[in-house]
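J.: Before I ask anything, let me first share the structure, which is written out below as structure tokens.
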């Protein structure tokens, strides 16, 4: 989690919220989907079984997950949640147990 927190803090320090892409996160029993809030374009889709790590950052509004994108390749996605990331974290944990 230390590596994720360092990445979250670095990302938060280099940009402003005005430059962030507004998204909607949908958690289904087998899939996590991130879509653009206005255009509804799919920005990321991940099978829950390919999530290798997830967690809430030091700031409870920040959430990150690492997914396997190919054999030996991984991607980290960071999300800012209002008012906090607890609901997203709980939903993903529940999906992992299905």
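Residue numbers (full-length UniProt numbering): 1 to 98. Where is the CB? At the ideal position from N, CA and C, for every residue including glycine. These numbers were taken from a predicted model, which means no experiment stands behind them.
1) Let me check one thing: in DSSP terms, what residues is residue 80 bridge-paired to?
2) Give the C-beta separation of residue 32 and residue 78 to the nearest angstrom, bearing in mind that I take them to be a contact with Cβ-Cβ under 8 Å.
3) Is DSSP giving residue 39 helix, strand or coil here?
4) Decide if residue 28 is buried, meaning its Cβ has at least 16 other Cβ atoms within 10 Å, or exposed.
5) Inspect the beta-carbon positions of residue 85 and residue 56 and report whether they are closer than 8 Å.
6) Count the other CB atoms, across all protein chains shown, that sit within 10 Å of the CB of residue 64; report buried if there are 16 or more and exposed otherwise.
T.: Reading it off the structure:
1) Residue numbering aside, residue 80 sits at position 80 when the chain shown is read from its first letter. DSSP, once it has assigned bridges, lists 62 as partnering residue 80.
2) By 1-based counting over the chain shown, the position of residue 32 is 32. By 1-based counting over the chain shown, the position of residue 78 is 78. Not confirmed; about 14 Å, so no contact.
3) Against the chain shown, residue 39 aligns to sequence position 39. Three-state DSSP puts residue 39 in coil, outside helix and strand.
4) Locating residue 28 in the chain shown gives position 28, where the first residue counts as 1. With fewer than 16 other Cβ atoms within 10 Å, it is exposed.
5) Your numbering for residue 85 matches position 85 in the chain shown. Your numbering for residue 56 matches position 56 in the chain shown. Going by C-beta atoms, residue 85 is nearer than 8 Å to residue 56.
6) Numbered from its first residue, the chain shown carries residue 64 at position 64. Buried, because 16 or more other Cβ atoms sit within 10 Å of the Cβ of residue 64.
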